[in-house]
C-alpha cells in the first residue's frame with residue numbers, strides 16, 4: 192500500500208489527541224492504535240475503540256494495510272522502530288506539532304474514505320505512537336467548523352491552511 196504522508200495542519204492537531212465522546216462521534220473517530228517500541232525495535236500496539244459503529248470489517252482490513260505499510264522496511268519506517276521514527280522526524284521538522292510537548296510530531300495519511308492522524312514521540316519510555324482513525328467527511332466537517340469558530344492569529348495563514 193502506497194501512503195501519501197503530509198504534515199498535520201494546525202486545525203487538525205487537536206484530533207491527534209483524545210477528545211470527548213461527543214466530539215469523537217461528530218468527527219467520526221473510529222479509535223486509535225497506541226503503543227511503544229520497548230527497548231527500541233519491539234512493537235507493542237494496543238487498539239482503543241472510540242466509536243465502534245464505524246469499526247467495520249473493511250476498516251479492519253484497511254488499518255492492517257496502513258500499519259504494515261508504516262512498518263515496512265522499504266517504506267517511511269514511522270512504525271518500524273524508534274530509531275527510524277526519530278530519523279523521519281529529524282528529516283521532516285515541518286511535522287513538529289508545536290504543542291509544548293518535547294519531541295512530538297504528527298503526520299496525516301489519507302485513504303479513499305478515511306483519514307489517519309499519527310502522533311509520534313520517539314523518546315524512550317514514552318508512548319511512541321498514537322494512530323487515530325477517522326471517517327474523512329466527518330473529520331473534515333469538524334475541522335472546517337473549528338477553523339470558522341477560531342479566528343487566525345495575526346500574521347498566520349491558519350485559515351488558508353485548514354481548507
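Numbering (the working numbering), first residue to last: 192 to 354. Glycine included, each C-beta is placed from N, C-alpha and C at the ideal position.
Name the two residues that bound the continuous alpha helix (DSSP H) containing residue i.
i           : result
residue 321 : Where residue 321 is concerned, there is no enclosing alpha helix (DSSP H), although the beta strand (DSSP E) it sits in stretches over 320-326.
residue 283 : Premise fails: residue 283 is in no alpha helix (DSSP H) and is neither H nor E.
residue 213 : 212-218
Which of the three DSSP states, helix, strand or coil, is assigned to residue i?
i           : result
residue 314 : coil
residue 233 : coil
residue 305 : strand
residue 239 : strand
residue 288 : coil
residue 193 : coil
residue 338 : helix
residue 207 : helix
Which word fits residue i, buried or exposed, when buried means at least 16 other C-beta atoms lie within 10 angstroms of its C-beta?
i           : result
residue 235 : exposed
residue 328 : exposed
residue 211 : exposed
residue 341 : exposed
residue 271 : buried
residue 360 : Nothing about residue 360 can be reported from this structure: the residues present for the chain run from 192 to 354 only.
residue 284 : exposed
residue 275 : buried
Within this structure, are the beta carbons of residue i and residue j separated by less than 8 Å?
i           : j           : result
residue 260 : residue 194 : yes
residue 253 : residue 305 : yes
residue 248 : residue 222 : no
residue 207 : residue 297 : yes
residue 294 : residue 314 : yes
residue 147 : residue 299 : Residue 147 cannot be examined here, being either before or after the span of the chain that is shown, 192 to 354.
residue 307 : residue 257 : yes
residue 265 : residue 245 : no
Which residues bound the beta strand (DSSP E) around residue i?
i           : result
residue 252 : Per DSSP, residue 252 belongs to no beta strand (DSSP E); it is in the alpha helix (DSSP H), 248-262.
residue 272 : Note, residue 272: premise wrong, no beta strand (DSSP E); not H, not E.
residue 198 : 196-198
Task: Sufficient close CB pairs (3 or more, under 8 Å) joining the region 311-320 to the region 333-340 - done: In this structure the region 311-320 does not touch the region 333-340; the number of beta carbon pairs closer than 8 Å is below three.
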